[in-house]
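Residue numbers for the sequence shown follow the working numbering, beginning at 92 and rising by one.
Where a beta carbon is used, it is the ideal one built from N, C-alpha and C, also for glycine.
Computed from a predicted structure; not experimentally measured.
So the structure is just underneath, and the comments pick up after that.
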Amino acid sequence: MRFIDKLINVLGFIAGVLLVALSILVICDVGARYFRLFAMPWSLDFAQYGLYLITFFGTPWVLRTNGHITIDLLVSRLSSRKAHKLKIISSCLGGLICGVLFIFSIIVLVRTFNEGTTVPDNFMFPEWWIYAFAPPTFLLSMIIFLRWVLRPSTADDLGEAQGLF
Numbered sequence: 092m093r094f095i096d097k098l099i100n101v102l103g104f105i106a107g108v109l110l111v112a113l114s115i116l117v118i119c120d121v122g123a124r125y126f127r128l129f130a131m132p133w134s135l136d137f138a139q140y141g142l143y144l145i146t147f148f149g150t151p152w153v154l155r156t157n158g159h160i161t162i163d164l165l166v167s168r169l170s171s172r173k174a175h176k177l178k179i180i181s182s183c184l185g186g187l188i189c190g191v192l193f194i195f196s197i198i199v200l201v202r203t204f205n206e207g208t209t210v211p212d213n214f215m216f217p218e219w220w221i222y223a224f225a226p227p228t229f230l231l232s233m234i235i236f237l238r239w240v241l242r243p244s245t246a247d248d249l250g251e252a253q254g255l256f
C-alpha cells in the first residue's frame, strides 16, 4: 500500500503543477492579447486538456485526504456505531461505482485504440490518449474505498496525510 500512496501523492503533485502552469498560461495569454503582442492559439487546447488531467490526476489524492465536499447532516446526528456502519456502506458503494467506471473506461479505451481515431485539434494525437487516464484514476479510487471498507479507521486517521509529503 505504500507504493499506491506514493503514486497517489505523485499524481496529486502533478495535478498541482498543472494547475500552476495553467494559471500562468492564462495570465500570459490574456496579457499577450491585451497588449497585442502575439497570439497563442494553442492555449485553449492546453487549458482544456490541462483541466482534464488535473481532474483525473487529483481525484485519488483528494479522495484519500478527504478533501472532497461532504454533507454530514445525517451522519452527525447518528450514534458513532451507526455512523461507522454508514461510512462502511458508503465506502462499499463508492468502491462498486469506481469498479464499474473502471470497467467501462477500459472498454472505451480499448475501443478507441482499436478504431485508431485521432483528435482533430491544434495538437493532433490518437483519441485513446485522452481516455488512458481514466482507468488508473478509477482503479486507485476503488482501492481507496476498499481500503476504507477493510480498515475503516484509515478513513478517519488522515491527520498526517493532509499534505503531499
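query                                                                                                                                         : result
Taking 6 Å as the limit between beta carbons, can you name the residues of its chain near I106, skipping five residues before and five after? : According to the sequence displayed, residue 106 carries Ala and not Ile. Counting only Cβ-Cβ distances below 6 Å, and skipping sequence neighbours, we find I145, F148 and G149.
On the DSSP bridge assignment, give the partners of T209 in chain order.                                                                      : P217
What is the DSSP secondary structure of L98, reduced to helix, strand or coil?                                                                : helix
For S232, count neighbouring Cβ atoms within 10 angstroms of its own Cβ and tell me buried if that reaches 16, exposed if not.                : buried
Looking at L142: is its Cβ nearer than 8 Å to the Cβ of F193?                                                                                 : no
Please identify the residue among A130, L113, G185 and V101 whose C-alpha is closest to the C-alpha of R238.                                  : G185
In the structure shown, what three-state DSSP assignment does F224 receive?                                                                   : coil
Assuming I179 contacts P243 under a Cβ cut-off of 8 Å, what Cβ separation, rounded to an integer in Å, is found between them?                 : 6 Å
I234 and I95 look like a contact to me (Cβ under 8 Å); what is the Cβ gap, rounded to whole Å?                                                : 6 Å
According to DSSP, is A130 helix, strand or coil?                                                                                             : coil
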